[in-house]
Structure formats: structure tokens, C-alpha cells
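**Q**
Chains as they are written, first to last, in full-length UniProt numbering: chain A, 1 to 582; chain B, 1 to 503.
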């Protein structure tokens with residue numbers, strides 16, 4: 001361990017409460033020293049603060065009014081000073097801070113809703129509780145997310161504020177406010193660090209791109225279903241780009257420039273985090289699977305993680321040109337305590353492990369200060385841990401078999417044949433006739449089946465309560481017939497007799513009758529007897545009939561086909577006879 | 001009138017020759033008997049009668065062989081028990097799990113051939129215990145079915161003593177006669193079915209022609225194969241091939257290797273033969289069958305397609321390709337192939353059954369019932385069970401569970417050891433909450449047909465639900481040993497493992 005990482009001693013310890021999307025490493029002052037920019041949510045009682053750390057020292061604090069959903073840094077101009085803006089997303093607004101001072105505010109306009117059922121409800125209702133009830137019904141039919149923000153807020157309000165709220169908003173128009181859930185940067189036309197970026201903004205049902213030079217929305221827009229939880233972008237806006245979007249319900253979309261609809265994957269479990277690379281993307285689901293797909297959504301591999309995943313981050317070490325996936329897991333020890341484990345995957349192989357005393361919730365890798373490869377981790381109790389990668393560090397890159405989880409093979413779905421298309425046409429054109437004919441013929445068949453069944457019951461050759469099977473053992477000419485009986489009913493069967501009917505010309509049977517003992521339900525009993533083939537003959541008469549009777553009525557009758565045995569012996573006899581007669 | 005007069009005035013021997021050509025064997029034999037009664041030393045009439053008697057019973061014996069239990073288990077040429085995967089017909093890796101299995105546990109083929117019923121499990125116990133009904137009884141020795149018919153005929157026709165008493169025949173004398181020897185051999189081999197004497201005779205004959213006649217070598221090989229001396233047979237066939245390529249010999253050699261369970265050598269032989277006879281359909285059929293036996297369905301289908309290009313009326317190829325399409329989710333294409341068979345004049349229960357199933361899965365519901373009605377009408381006892389079983393499937397598809405249950409009961413009344421039917425009936429009973437009956441039905445299904453994984457899996461699921469984890473574990477293990485990739489079985493196993501480790 002010591003050969004790979006240098007532990008940074010942090011004294012006094014720094015405590016931060018944050019999320020992965022609310023921290024970044026960036027040179028915010030343009031002095032060629034990467035700062036650690038993070039939102040500290042604190043204990044929850046005070047407002048969150050945007051903190052900037054230079055090395056281990058906190059240099060700036062910006063107080064925020066509301067809880068932000070994401071932060072990122074973007075370069076907004078091509079000036080030589082190279083000072084980026086820190087973009088902080090709060091509700092429907094993005095605050096841009098430059099040099100730790102407010103620089104610009106961009107807000108997404110709320111839309112006014114007219115002529116929907118919801119509007120009618122608001123207009124018609126006089127009483128607040130009546131409205132509340134009807135809104136609750138509406139929300140259960142069309143879904144809470146599809147309601148206007150006004151209604152949503154009302155449904156969430158405490159009862160004592162209801163009337164006040166109702167009086168305040170009943171005359172106003174209903175508005176739908178689009179909350180920004182996710183934001184990520186996308187370079188405009190230069191891929192270098194100081195290149196001007198656009199901001200990809202994910203609202204509840206739409207992905208749009210903001211030009212940060214003019215603060216105007218660019219024409220590319222993508223629609224999707226579900227709220228975006230994670231987003232990642234790669235490429236250049238002017239050349240070509242891919243945006244990977246993961247929704248809260250576990251859908252993954254890939255949008256690329258100038259295509260209206262993206263590829264889509266649906267995972268069975270909620271997604272923990274996603275990483276987008278040039279030719280593939282990696283997503284981690286809550287059930288502990290690390291999955292890798294191509295950008296056309298073909299599964300490449302999946303790996304079972306040793307514990308519950310907490311967060312994942314991409315780690316690119318330029319000096320080794322090594323791209324790794326860092327996964328932090330929550331591992332439960334044998335004694336029941338949860339511990340942290342940070343794993344580094346290269347492809348689907350684990351190449352390095354760092355055990356941690358506590359589970360790591362947030363993790364970020366990048367340039368920190370002057371140090372190229374720093375790994376900053378924040379554990380569940382808020383303690384910040386920083387590790388620096390040694391320049392001499394090596395990773396064990398030999399390929400070894402991994403515990404890959406079951407890869408779902410592609411189902412071989414045959415091509416749609418011409419015949420199939422012709423048939424569907426026929427179905428479409430003659431659906432009524434086909435249906436009627438099917439019904440008619442099926443009814444006739446129902447009658448046939450019922451009749452046959454009735455006949456078979458009348459003949460009493462089978463019994464519902466008795467299952468039988470016969471086995472013929474031996475090679476001949478002497479065989480053993482073993483006849484197995486099983487009681488399927490609930491009551492024991494008594495007085496069962498088994499008789500073997502045979503043609504005395506061909507066979508002789510040692511004991512052709514057999515009295516069975518009481519047959520208890522669920523158990524199998526059998527009777528055996530020896531059969532000897534005497535002469536050779538036609539095949540039809542060679543069968544032996546087995547009859548099972550109970551008192552006077554036959555309850556089962558079956559035929560056992562006797563095999564023919566070697567004819568050579570017969571020929572032999574034949575010859576002997578000849579000699580005798582000679 | 002005139003014609004009959006002309007015929008009556010014909011020379012008896014000439015009319016006998018004509019009768020033989022017209023396949024009027026009985027009349028030919030009669031005429032010969034008349035001639036021989038006048039002149040017992042008329043060699044021509046004697047030879048003609050011999051030929052007629054032989055041809056009356058001759059069969060294409062290349063395909064006829066059926067391996068008996070005794071042959072396959074008391075075989076001195078026994079090949080390694082655990083042959084490497086892909087080199088043996090018995091250990092052929094199962095790639096197509098969609099295809100149902102035959103009683104022997106092999107995936108279904110498109111056509112019933114003598115060999116499809118055999119080559120079953122490796123276990124003698126199992127082979128002897130296989131449930132026997134009227135429908136299924138496996139021969140004990142290779143002297144079976146058709147061969148026995150030959151034997152019976154020879155006995156029936158000997159009203160006034162045998163035509164030729166082989167035991168008193170002077171072998172060297174007849175073997176030296178080039179005209180008569182081949183006819184006499186065929187008579188002994190096919191008509192009398194007396195392989196030992198046929199072999200002795202062939203040995204004499206080949207000695208007489210200085211081991212130069214390939215025909216005798218082939219006959220020797222045939223005799224050796226019939227007697228189970230496969231390696232000697234191989235030597236004879238190979239030496240016959242040195243005189244020049246011959247399709248029959250290649251085929252016999254290929255069959256021999258299949259009996260030795262060396263399908264790859266068999267394929268080699270066929271490929272060699274193909275270089276001599278590139279458009280020979282029988283060779284292509286042989287190759288296609290071997291690939292099917294090795295469970296290499298794509299290759300098999302490729303060869304069957306080649307066959308259809310050369311001979312568009314080959315029923316085996318059409319049936320096998322149809323089956324392949326059916327089990328690769330293209331029932332509408334399969335329907336085309338089976339319809340072609342119907343147009344070619346095939347008219348039996350199996351075909352209508354297949355047509356019904358294809359149209360059901362291709363959603364042409366209006367013709368399904370008609371097909372099954374035809375199938376039922378044409379079905380005999382042994383295949384009626386399967387027709388009923390398929391009807392139960394259609395009924396389940398239509399949601400008519402009562403009819404499905406009745407059909408399954410009918411299946412079982414015809415074939416009480418129909419494992420799949422027992423299993424499905426159990427599932428239907430389970431749905432009706434008759435758990436105890438479902439359980440006993442599943443047990444019977446397992447006892448009846450051991451090679452199905454479904455009853456094992458269902459039994460495991462049932463036991464799991466009842467909390468009988470031990471049984472569930474045992475059953476799920478069996479299910480996985482039959483079908484190692486069965487996802488649901490693995491699920492149960494994982495759950496059980498979790499449960500057991502938490503104890």
C-alpha cells in the first residue's frame with residue numbers, strides 16, 4: 001500500500017457533508033493551482049456553504065440560500081487570464097461565481113399552464129379542501145410530476161397554511177417550474193482545459209445546452225422519460241458529442257449530436273453512478289453490479305462487486321495512460337460492522353484495493369494543487385481523506401480471471417421472413433373470419449375431446465387414483481415383469497388384484513395372478529413375475545395384458561409389448577429337427 | 001384372348017424371366033419350380049429361382065441396421081466411457097436446448113430413422129428398465145425387425161423341405177462357379193439370413209478369385225459387421241476401396257464407424273467419398289445425419305439444404321429443415337416446408353400434427369383445429385398420445401385449461417409413462433391448488449422419463465414453496481445436471497445456498 005499512495009496528514013481534520021455531484025477540482029483563480037471546490041451541506045440546520053480549499057486551507061466561503069443540486073466549473077471566455085466560473089445549480093437557476101464573486105445568474109423560465117384539467121379544477125373549486133381532494137385524485141391518475149408546480153406545492157403544504165396559499169394563488173395562472181436536476185460541462189470547440197464550455201442542463205423532462213458566452217440556450221434539445229439523476233458528456237459541441245443520461249428509475253439514454261432519439265438501456269435496479277468513455281460507458285447499479293456497455297448499448301461485461309456500491313469515479317493517470325474505474329463499496333464484515341473498500345478496476349479486473357475504516361460516500365480524482373494524481377475521499381462521518389499517487393507507483397496489470405456475473409447472451413432472434421409479413425397481412429385483412437372460424441372449430445374440438453374423455457372413463461381402462469408403470473427386465477428368453485402401482489388418491493386402496501393375461505402358445509408365466517396388499521397413498525409398491533418365451537411368433541399376439549381389478553371391476557388394463565429375442569437359437573432348433581427327421 | 005394364348009405359348013423359362021422383371025416373384029418361383037421338377041439339374045432355372053427368392057426379400061440393408069441393447073452394451077469394441085466432447089455421438093454436447101428429447105434423451109430429429117430410437121443413455125440398467133408399452137420396445141439384439149422378417153419367410157416357404165439345404169452344400173464347388181456364386185451368396189445372406197455360412201462361402205469364393213474381386217470383399221465385410229467383428233469388416237471394406245471408389249462401400253464404412261462411435265472418422269470417410277462423387281445425395285444425407293447426431297444443427301441444416309438443391313423431393317431433408325425452423329422460432333417458415341411435404345403426397349398423423357403446431361405458433365388459428373382433427377383421425381395408438389399432448393398445448397394457449405386437462409388425461413390413457421404430459425398435468429393441478437396430487441404426478445413424471453429437467457425443476461419449486469429445502473436442493477441439482485444453464489433452477493439453487501449458509 002505504502003508503495004502506491006502517499007497519505008496526506010490532515011490536522012486538524014476537515015469535516016464535510018456533501019455529495020459526489022457537489023464537488024470539483026478546478027483552478028478557480030487562474031493561478032495554476034487546482035482548488036478543491038465543494039458544497040458543505042453542514043448538519044442540515046444552517047444553509048449550505050460553497051467552500052474553496054487551497055491545499056488543506058480553506059480560503060473562501062460563499063453562503064448559499066438554498067440547497068444546490070450540482071456544481072461545476074466552466075470557462076466562459078477565451079481571455080488569457082484563464083479564470084473559470086463556478087456554476088452552482090439551485091432549483092431552476094444557475095448562479096455563476098467568478099473569482100468567488102457573483103458574476104451572472106441564469107434562470108429557466110417557468111411555463112404557464114392553460115386549458116388543462118388541472119386549470120379547470122382550480123377555477124371551479126370554491127373550497128380549498130374540495131380542491132385538495134380532487135387534486136389528490138388527479139395526481140394519482142396522471143402522476144405527481146405532471147402537475148403544475150403550484151399544485152405540487154399545495155399538496156405538500158401543512159394544513160394550517162392551506163387557506164392562505166389557496167387565497168394567494170387562486171387568481172393567478174398555474175405555472176410549471178422546471179427544476180434543474182443535473183448539469184455537466186461540454187467543451188465548445190477546443191478540448192484543452194481552458195477551452196470555452198457549454199453547460200448541458202437536465203431538467204425534469206428535457207436535456208438542453210446553454211452557451212456560456214452569451215448565456216443563451218442552443219438549439220439542440222433532447223427529450224426523455226423520467227428524471228435525470230446522473231449525466232455525463234464527452235466530445236466537442238461544434239464537432240460531435242455524446243451525452244449519457246441516467247434516470248432515477250434506471251433508464252440509460254445516449255444522445256449524440258444531430259440525432260433526435262438516443263439508444264436506450266433499462267437496468268433492473270436503480271443506478272448508483274455512470275462513467276462515460278470514448279467508446280463505452282460503465283454504470284453501477286444498486287444491486288452491486290458493475291456493468292459495461294458499448295455506446296450502442298450492447299453489454300460488454302458485468303462484474304459483481306464485493307459489497308454495496310456507494311459511488312464510482314473515473315481515474316485517468318496520464319503518466320501511465322491508464323484508465324481505471326474507482327468504486328467505493330460498503331462491505332459488511334463478519335462481525336457485522338460495515339467498512340469501506342475502494343476498488344480500482346481496469347476493464348473488468350480489480351487491480352488495486354484500498355481498505356477504509358468507514359464507508360466512503362464521496363470520491364473524486366484529479367489534479368489537486370500542484371499534484372497531478374490526487375484521490376480525495378469523504379467517508380460517511382464526513383471526514384476528508386486525501387491520498388496522492390506516487391510517481392513510482394505501479395499497478396498489477398496482469399490479466400486474471402474475474403468473477404464476472406452472468407452475462408446475458410444475445411437472444412438469437414430470427415429475421416422477419418417474407419412469409420411472416422404475408423401472414424400478418426392476411427391476419428389484418430381477415431381478422432374477423434379467422435376469429436369466427438377459430439371459435440367454431442375449437443368448440444367442435446372441445447366436444448371431441450370431452451367425448452373421448454368420457455369414453456375413456458367409461459371403459460375404465462385408466463383410473464385417476466392409480467398410477468401404474470411396467471418394467472421388463474432381462475435379456476430373454478426369461479424376463480421379469482415388474483409392475484409398479486401407486487395410489488394417487490387420499491384413501492388407501494384395498495383388495496387390488498393384478499392378473500397377467502398371455503397367450504400360452506408363446507409365453508409361460510410363473511404366477512399369472514398377484515394379490516396386492518393394501519396400497520397406502522403416496523407410496524409405490526410393485527409385483528413381479530417371471531415370463532419365459534417359448535416359441536417365436538407374430539408380434540401382435542406376443543403382447544401380455546396386465547389387468548388390475550378391484551373386486552369385480554377392472555380399474556386398469558395395459559399392454560406390455562414383449563421383445564423378440566434372438567432368432568439364431570430358433571434356427572438352431574430348426575436344424576436339429578431336420579436331423580431328427582432325417 | 002389372343003394375348004393370353006401368346007403368353008401361354010411362351011417358353012416357361014422366358015416367362016419366368018419376364019415375371020422376375022415385373023417383380024411377379026411368386027409366379028416366377030412357380031414357373032422355376034415347374035422347370036426344376038422336370039429337370040432338377042437345370043442350373044439356369046435354379047439360379048433364377050434363387051434370384052427371385054432373394055429379391056422377394058431383399059432390402060436396402062445399408063440403412064436398416066438398428067443397434068440392439070446387447071450390441072451396444074456387451075460390445076468388445078467398447079470405446080472410452082468418457083469420450084472427449086464432440087468426438088462421440090453419446091457425449092455430443094447439447095447446444096439446442098429448445099428441442100425436446102426423445103425417450104433416449106437425444107434431441108428430436110425431423111424424421112424417425114432406425115437409429116434415432118437408440119444411442120440412448122450409457123446405462124444398461126436404464127436401457128433394460130425403459131418402460132415398455134405397445135409403442136416402445138427396444139430390440140435386444142441386432143437380428144431384428146427386418147432381418148427377422150426374412151427369417152420367418154424362409155421358414156414359411158419350406159413346405160416341402162428347403163429349396164437349398166445349405167448345410168449339405170459343397171461350398172468350394174459352388175464358390176468356384178463365377179456365374180452362380182454371387183447369386184448363391186445373396187441367397188444365403190438375404191434369404192436364409194445365415195450369416196455364418198454366408199461368411200464361409202464368401203471366404204471360399206474370394207480365395208478362388210485370388211482376392212481380386214472387390215465385390216467379395218464387400219460381402220465379407222458385410223458378414224463381419226453382422227457378426228459384430230467391426231474391425232475385420234473395416235479391413236475388408238478398405239481393401240475393397242483400393243480397387244476403386246464405390247459409394248456403397250463408402251457408406252458401409254461410414255456406418256461401421258458410427259457403430260464404433262467414431263463420428264469424426266465417419267465424416268472423414270464421407271468427405272473423401274465426396275471428392276470422388278461430389279453430387280451424391282446419399283453421401284450428403286449421411287453427412288447431414290452425422291452432424292445432427294453430433295448436435296451440430298447449423299451444419300446439418302446446411303447439408304440438408306445442399307441436398308434439396310440436388311434433389312428437391314428428398315423428404316428427410318424437407319422434414320429436418322422444417323423442424324429446424326420450427327425450433328428456431330420461425331414457425332411460419334416451417335409451415336411452408338410441411339405444406340410442401342403434404343403436397344408431395346405424405347398423408348399421416350405426424351405431418352398433420354406438425355402442421356397444426358406450426359400454424360398455432362404462427363398465429364394462423366383458423367386452421368389449427370382442422371389439422372389436429374385430421375391428425376387424430378389418422379393417428380394410431382402409439383402416436384395418438386403425442387397428438388393429444390399437442391392438443392393440450394394448444395388448449396393451454398387458448399386458455400381452455402379444462403380441455404387441456406382432459407387432453408392430458410387422454411394422453412396418459414394411451415401412454416401412461418408420458419413424462420411431459422405428467423409434468424404438465426401436475427402444473428395444472430398445482431394451479432388448482434391440488435398440491436399433493438401435483439406432487440405425486442411430478443414424482444411419476446420423474447420416474448417415467450428421467451431425461452426431462454422440467455419435472456425436476458417443478459418438483460424443486462414445489463418443495464421450496466412447502467419449505468422442504470432438502471428435497472428442493474436434491475431436485476434442483478438434478479435439474480441442473482440435465483440442463484446446466486437453466487436460469488430459474490440456478491435462481492433456486494442460489495436462494496437455497498443463501499438459506500443453508502444462514503443456518
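In this text, a Cβ means the ideal position worked out from N, Cα and C, and glycines have one as well. Given the structure is predicted, the values throughout are model-derived calculations rather than measurements.
Taking buried to mean at least 16 other C-beta atoms within 10 Å of its own C-beta, is residue 316 of chain A buried or exposed?
**A** Translated into the one-based positions of the first chain, residue 316 of chain A becomes position 316. Looking at its Cβ environment, which holds fewer than 16 other Cβ atoms inside 10 Å, residue 316 of chain A is exposed.
**Q** Who are the neighbours of residue 202 of chain B on chain A, taking C-beta pairs under 8 Å?
**A** Numbered from its first residue, the second chain carries residue 202 of chain B at position 202. Going along chain A, no residue has its Cβ under 8 Å from residue 202 of chain B, so there is no contact; the nearest lies around 19 Å.
**Q** Strictly below 8 Å CB to CB, what residues from chain A border residue 369 of chain B?
**A** Start at 1 with the first residue of the second chain, and residue 369 of chain B comes out as number 369. 438, 441, 442, 444 and 445, listed in chain order.
**Q** From this set, A:294, A:366, A:135 and A:377, which residue's C-alpha is nearest residue 328 of chain A's C-alpha?
**A** What you label residue 328 of chain A is simply residue 328 of the first chain in a count that begins at 1. With distances taken between Cα atoms, residue 328 of chain A lies closest to A:377.
**Q** Does DSSP put residue 509 of chain A in a helix, a strand or coil?
**A** As a working note, residue 509 of chain A is residue 509 in the first chain. Residue 509 of chain A: strand per DSSP, three-state reduction.
**Q** In the DSSP assignment, the beta strand (DSSP E) including residue 484 of chain A goes from what residue to what residue?
**A** Numbered from its first residue, the first chain carries residue 484 of chain A at position 484. That run of the beta strand (DSSP E) goes 478-487.
**Q** Under 7 Å between beta-carbons, which chain A residues line up against residue 449 of chain B? List them in chain order, please.
**A** Along the second chain, read from residue 1 onward, the residue named residue 449 of chain B stands at position 449. Those do not exist, as residue 449 of chain B stays about 11 Å from chain A at its closest Cβ, beyond 7 Å.
**Q** Can at least three beta-carbon pairs, one atom from the region 58-77 of chain A and one from the region 145-165 of chain A, be found at a separation below 8 Å?
**A** Result no; under three Cβ-Cβ pairs closer than 8 Å.
**Q** Would you kindly work out how many angstroms separate the C-alpha atoms of residue 244 of chain B and residue 316 of chain B, rounded to a whole number?
**A** As a working mapping, residue 244 of chain B is identified with position 244 in the second chain. As a working mapping, residue 316 of chain B is identified with position 316 in the second chain. Cα to Cα, the separation comes out at about 29 Å.
**Q** Please state whether the Cβ-Cβ distance between residue 113 of chain A and residue 176 of chain A is less than 9 Å.
**A** In the first chain, counting from the first residue as 1, residue 113 of chain A sits at position 113. In the first chain, counting from the first residue as 1, residue 176 of chain A sits at position 176. Taking 9 Å as the Cβ cut-off, residue 113 of chain A and residue 176 of chain A qualify as a contacting pair.
**Q** Assuming residue 461 of chain B and residue 439 of chain B are in contact, meaning their beta carbons sit under 8 Å apart, how far apart are those beta carbons, in whole angstroms?
**A** Along the second chain, read from residue 1 onward, the residue named residue 461 of chain B stands at position 461. Along the second chain, read from residue 1 onward, the residue named residue 439 of chain B stands at position 439. The pair is not a contact, with the Cβ atoms about 11 Å apart (cut-off 8 Å).
**Q** So, with DSSP's three-state summary, where would you put residue 206 of chain B?
**A** Along the second chain, one-based indexing puts residue 206 of chain B at 206. Residue state, collapsed to three classes: helix.
**Q** Smallest Cα separation from residue 49 of chain B: which of B:407, B:38 and B:187?
**A** Counting from one through the second chain, the residue named residue 49 of chain B turns up at place 49. The option with the nearest alpha carbon to residue 49 of chain B is B:187.
**Q** In whole angstroms, give me the CA-to-CA distance for residue 288 of chain A and residue 305 of chain A.
**A** What you label residue 288 of chain A is simply residue 288 of the first chain in a count that begins at 1. What you label residue 305 of chain A is simply residue 305 of the first chain in a count that begins at 1. About 5 Å.
**Q** How about the region 425-432 of chain B and the region 440-448 of chain B: do they share at least three Cβ pairs that are nearer than 8 Å?
**A** These segments touch.
**Q** For chain A, is any of its Cβ atoms less than 9 Å away from the one on residue 336 of chain B?
**A** What you label residue 336 of chain B is simply residue 336 of the second chain in a count that begins at 1. Output row for residue 336 of chain B: interface = yes.
**Q** Do residue 37 of chain B and residue 16 of chain B have their CB atoms nearer than 9 Å?
**A** As a first step, residue 37 of chain B is located in the second chain; it is residue number 37 there, counting from the start. As a first step, residue 16 of chain B is located in the second chain; it is residue number 16 there, counting from the start. Not a contact, by the Cβ cut-off of 9 Å.
**Q** DSSP puts residue 349 of chain A in a beta bridge; with which residues?
**A** In the first chain, counting from the first residue as 1, residue 349 of chain A sits at position 349. BP columns for residue 349 of chain A point to A:346.
**Q** Is it buried or exposed for residue 13 of chain A, if we count other Cβ within 10 angstroms and need 16 for buried?
**A** In the first chain, residue 13 of chain A corresponds to position 13, counting from 1. Residue 13 of chain A comes out exposed.
**Q** Applying a beta-carbon distance threshold of less than 8 Å, which residues of chain A neighbour residue 437 of chain B?
**A** Counting from one through the second chain, the residue named residue 437 of chain B turns up at place 437. Within chain A, the residues near residue 437 of chain B are 488.
**Q** So, with DSSP's three-state summary, where would you put residue 287 of chain A?
**A** On the first chain, position 287 is the one that residue 287 of chain A refers to. Coil.
**Q** May I ask which residues mark the beginning and end of the alpha helix (DSSP H) holding residue 326 of chain B?
**A** Position 326 of the second chain, counted from the start, is the residue given in the question as residue 326 of chain B. Here the alpha helix (DSSP H) through residue 326 of chain B covers 315-327.
**Q** Out of A:449, A:320 and A:560, which one is the CA nearest neighbour of residue 479 of chain A?
**A** Sequence index remark: in the first chain, residue 479 of chain A carries index 479 (1-based). When only C-alpha atoms are compared, the closest one is A:560.
**Q** Which residues of chain B have a Cβ atom closer than 7 Å to the Cβ of residue 468 of chain A, listed in chain order?
**A** The residue labelled residue 468 of chain A in the question sits at position 468 within the first chain. Within chain B, the residues near residue 468 of chain A are 416.
**Q** Does residue 332 of chain B have its Cβ less than 9 Å from a Cβ in chain A?
**A** Locating residue 332 of chain B in the second chain gives position 332, counting from the first residue. For residue 332 of chain B, the answer is yes, since a Cβ of chain A falls inside 9 Å of its Cβ.
**Q** Going by C-alpha distance, which of B:502, B:480 and B:369 is nearest residue 436 of chain A?
**A** For the purposes of this step, residue 436 of chain A is identified with residue 436 of the first chain, where counting begins at 1. If we check each option's Cα against that of residue 436 of chain A, B:369 comes out closest.
**Q** For residue 491 of chain B, which residues in the same chain have their Cβ closer than 7 Å to its Cβ, ignoring the five residues on either side in sequence?
**A** Within the second chain, the letter at position 491 stands for residue 491 of chain B. Excluding positions up to five away in sequence, the list is empty.
**Q** Using 9 Å as the limit for Cβ to Cβ distance, is residue 427 of chain A near chain B?
**A** Counting from 1 along the first chain, the entry for residue 427 of chain A is found at position 427. Closer than 9 Å: yes.
**Q** Go ahead and label residue 373 of chain A buried or exposed: buried means 16 or more other beta carbons lie within 10 angstroms of its beta carbon, across all protein chains shown.
**A** As a working mapping, residue 373 of chain A is identified with position 373 in the first chain. Classification for residue 373 of chain A: buried.
**Q** Identify the continuous alpha helix (DSSP H) that holds residue 263 of chain B and give its terminal residues.
**A** In the second chain, counting from the first residue as 1, residue 263 of chain B sits at position 263. Element bounds for residue 263 of chain B: 263-276.
**Q** So, at 7 Å on beta carbons, what are the nonlocal neighbours of residue 48 of chain A in its own chain, with the 5 sequence-adjacent residues on each side left out?
**A** Translated into the one-based positions of the first chain, residue 48 of chain A becomes position 48. Excluding residues within five positions, the ones whose Cβ falls inside 7 Å are 39, 40, 41, 42, 64, 67 and 68.
**Q** Among A:418, A:222, A:198 and A:492, which one has its Cα closest to the Cα of residue 214 of chain A?
**A** To locate residue 214 of chain A, count along the first chain from 1; it is residue 214. Nearest C-alpha to residue 214 of chain A: A:198.
**Q** Under 9 Å between C-beta atoms, does residue 363 of chain B make it to chain A?
**A** In the second chain, counting from the first residue as 1, residue 363 of chain B sits at position 363. By this cut-off, residue 363 of chain B is an interface position.
**Q** Alpha carbon to alpha carbon, what distance is there between residue 458 of chain A and residue 378 of chain B?
**A** The residue given as residue 378 of chain B occupies position 378 in the second chain. The residue given as residue 458 of chain A occupies position 458 in the first chain. Going by the C-alpha atoms only, they are around 23 Å apart.
**Q** Establish whether the CB of residue 453 of chain A and some CB of chain B are separated by less than 9 Å.
**A** To locate residue 453 of chain A, count along the first chain from 1; it is residue 453. With 9 Å as the cut-off, residue 453 of chain A counts as an interface residue toward chain B.
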